[in-house]
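Inspection log for the structure reproduced underneath, given as structure tokens.
In the UniProt record's numbering, the protein residues as written are 1 to 237.
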């Protein structure tokens with residue numbers, strides 16, 4: 001079971017929480033869910049160069065609070081906050097709620113699965129050898145405190161005639177252990193030979209308390225211990 005299912009979905013409510021955090025009645029649920037999806041699509045398209053790990057959307061009463069986790073917050077914020085104001089106006093066009101945007105800096109992108117997958121995909125598009133890209137990412141993650149990492153790359157790797165799957169693993173990645181704090185990310189590389197899929201699993205240790213927010217809290221604490229508290233900027237509509 002653990003080998004096949006998405007590791008984040010399997011652990012929701014145990015040691016992970018949802019990226020959309022709100023309640024709605026039956027009539028509003030579908031509309032708000034599509035709204036969240038559209039907001040994420042637009043922001044990810046506009047922030048391609050900002051190394052965005054994830055986007056968390058919360059909806060307190062008649063408000064929409066969007067938290068962008070990025071390894072390059074300066075690109076998101078822009079000069080004197082100009083770019084973040086543009087983003088706020090863009091999101092405001094997609095929802096009727098009052099929009100607030102927060103920026104949280106990802107201090108250790110080397111152990112963030114989505115950012116690692118995106119980095120490998122970008123290297124494949126620049127024609128870097130896939131084994132070198134995978135090995136470099138594994139070494140960086142282990143050096144910065146990951147207890148284990150696995151990377152899968154599939155497609156016409158290196159321009160091969162027949163598509164295949166290559167993988168690289170170091171340390172432990174216990175997919176069946178529900179208390180394991182496993183981050184999972186995917187990315188697609190668009191190469192001259194077609195698309196290549198990248199999947200990354202990063203094991204960061206075990207969480208013994210039953211708390212859906214535990215994984216996020218540990219990541220925040222690690223960021224603060226690594227190099228001070230993360231940047232945060234609020235912008236009201």
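Quick reminder that beta carbons are idealized off the backbone N, C-alpha and C, glycines included.
Using 8 Å as the threshold, is the C-beta distance between residue 187 and residue 146 below it?
Their beta carbons are not under 8 Å apart, which means residue 187 does not touch residue 146 by this criterion.
Please work out which residues of its chain come closer than 7 Å, Cβ to Cβ, to residue 109, disregarding the five sequence neighbours upstream and downstream, and give them in chain order.
51, 71, 115.
Relative to the alpha-carbon of residue 185, which residue among 194, 135, 53, 18 has its alpha-carbon at the smallest distance?
Nearest option by C-alpha distance: 53.
Can you tell me whether DSSP reads residue 171 as helix, strand or coil?
Three-state DSSP puts residue 171 in a strand.
Can you list, in chain order, the residues of its chain with a C-beta nearer than 8 Å to that of residue 134? Leave out the 5 residues immediately preceding and following it.
120, 151, 153, 166, 168, listed in sequence order.
Have a look at residue 176 and residue 201 and give me their C-alpha separation to the nearest angstrom.
So the alpha carbons of these two residues sit roughly 13 Å apart.
Tell me, please, which residues DSSP counts as bridged to residue 164.
Answer is 155, bridged to residue 164.
Could you give the DSSP three-state label for residue 90: helix, strand or coil?
Of the three classes helix, strand and coil, the one that applies to residue 90 here is helix, per DSSP.
Alpha carbon to alpha carbon, how far is residue 67 from residue 163? Give it in angstroms, no decimals.
For residue 163 and residue 67, the distance between alpha carbons rounds to 38 Å.
Which residues mark the beginning and the end of the beta strand (DSSP E) in which residue 200 is found?
Here the beta strand (DSSP E) through residue 200 covers 194-206.
DSSP has residue 105 in a bridge; who is on the other side?
Looking at the DSSP assignment, residue 105 forms a beta bridge with 70.
Taking buried to mean at least 16 other C-beta atoms within 10 Å of its own C-beta, is residue 155 buried or exposed?
Answer is buried; the Cβ neighbour count reaches 16.
Tell me the DSSP bridge mates of residue 56?
Bridge partners of residue 56: 67.
Report, in whole angstroms, the separation of the C-beta atoms of residue 196 and residue 124, which I expect to be a contact under 8 Å.
6 Å between Cβ atoms; contact.
With a cut-off of 8 Å, do at least 3 Cβ pairs link the region 125-132 to the region 91-98?
Verdict: no, contact absent.
Along the chain, where does the alpha helix (DSSP H) that runs through residue 36 open and close?
That run of the alpha helix (DSSP H) goes 26-46.
Just to confirm before moving on: does the CB-CB distance between residue 183 and residue 118 stay below 8 Å?
Going by C-beta atoms, residue 183 is not nearer than 8 Å to residue 118.
Between the C-alpha atoms of residue 161 and residue 174, what's the straight-line distance to the nearest angstrom?
Going from the Cα of residue 161 to the Cα of residue 174 covers about 34 Å.
Cα separation between residue 189 and residue 44?
Going by the C-alpha atoms only, they are around 16 Å apart.
Note down, in chain order, each residue of its chain lying with its Cβ closer than 8 Å to the Cβ of residue 91, except the 5 sequence neighbours on either side.
Around residue 91: 39, 42, 43, 64, 66, 99, 101.
Output needed for residue 77: all residues of its chain with C-beta closer than 7 Å, excluding positions within five of it in sequence on either side, in chain order.
Same-chain partners within the cutoff: 83, 84, 103, 233.
Alpha carbon to alpha carbon, how far is residue 208 from residue 55? Give it in angstroms, no decimals.
Whole-angstrom Cα-Cα distance: 26 Å.
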